[in-house]
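Per numbering that gives the first Met the number 0, the sequence shown starts with residue 0, numbered consecutively.
Down below is the structure, laid out as structure tokens.
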Amino acid sequence: MVMAKTQVRVRYQETDQMGIVHHSVYAIWFEVGRSELIRELGYSYQFFEERGLLLPVVDYHCRFVSPARFDDQIIIQTTIKELRGAKMVFAYELFHETGARIAHGETIHLWVDQTMKPVRFQEAHPTLYNKFQGRLKDI
């Protein structure tokens, strides 16, 4: 299975009045993990955008398990759960450096063109799709 492990340290500005990470930060951390996973696969968002492909988030879920606090080291584990047609689903697990699970969730994306029309990735760009699938054969 292709997985990216990314570390972030909680910055003071990411915490709320209670001293815990604000819920809005998790979406940002998911994006950090997703970008790193794509990079580990040998690509970048810029690579796809230069070929007329965009990958917007169309749905987002996060389950909070335990709080993260200022200066905690967080490990973001990102995997690809699904790659089919125009749809791509990423799964995330966030852990405290001690190993305690902090949160888990997923983002659902659609491959679209510059006009935001869904694109069946494997039909529009079969060579890229085959390369991507070749790297993701263990999904």
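All residues carry an ideal CB built from backbone N, CA and C; glycine is no exception.
Predicted, not measured: the structure shown is a model, and the values here were computed from it.
Closest by CA to I107, which one among M87, G98, E122?
Considering only alpha carbons, the answer is M87.
Is it buried or exposed, T14, if we count other Cβ atoms within 10 angstroms and call 16 or more buried?
buried
Looking at the structure shown, is K130 part of a helix, part of a strand, or coil, going by DSSP?
Helix at K130.
Nearest CA to the CA of H95: which residue from M2, V9, A3?
V9
Between which residues of its own chain and I138 is the CB-CB distance below 6 Å, once the five residues before and five after are set aside?
Because I138 sits at a pLDDT of 41, beneath the cut-off of 50, its placement in the model cannot be relied upon, and the following sentence gives the value as read from the coordinates. Cβ contact annotation for I138 (same chain, cutoff 6 Å, sequence separation greater than five): I79, in chain order.
Beta-carbon proximity list for G104, same chain, < 8 Å, skipping 5 on both sides
Y25, F29, Y59, H60, C61, R62, A90, Y91
Local conformation of L82 per DSSP, three classes
strand
Under 8 Å by Cβ, that's how I've got F131 and L54 pegged, so tell me the actual separation to the nearest angstrom.
Going by Cβ atoms, the distance from F131 to L54 rounds to 12 Å, so no, they are not a contact pair.
Please report the distance separating the alpha-carbon of Q6 from that of D70.
So the two alpha carbons sit approximately 12 Å from each other.
Taking the C-alpha atoms as reference points, what is the distance between S34 and L93?
15 Å
With a CB to CB cut of under 7 Å and the five nearest residues on each side skipped, what residues in its chain are close to Q121?
Y128
Tell me the start and end of each unbroken alpha helix (DSSP H) in the segment 34 to 113 that is at least 4 residues and wholly inside, in chain order.
44 to 48
With distances taken between CB atoms, is the gap from M2 to T97 smaller than 8 Å?
no
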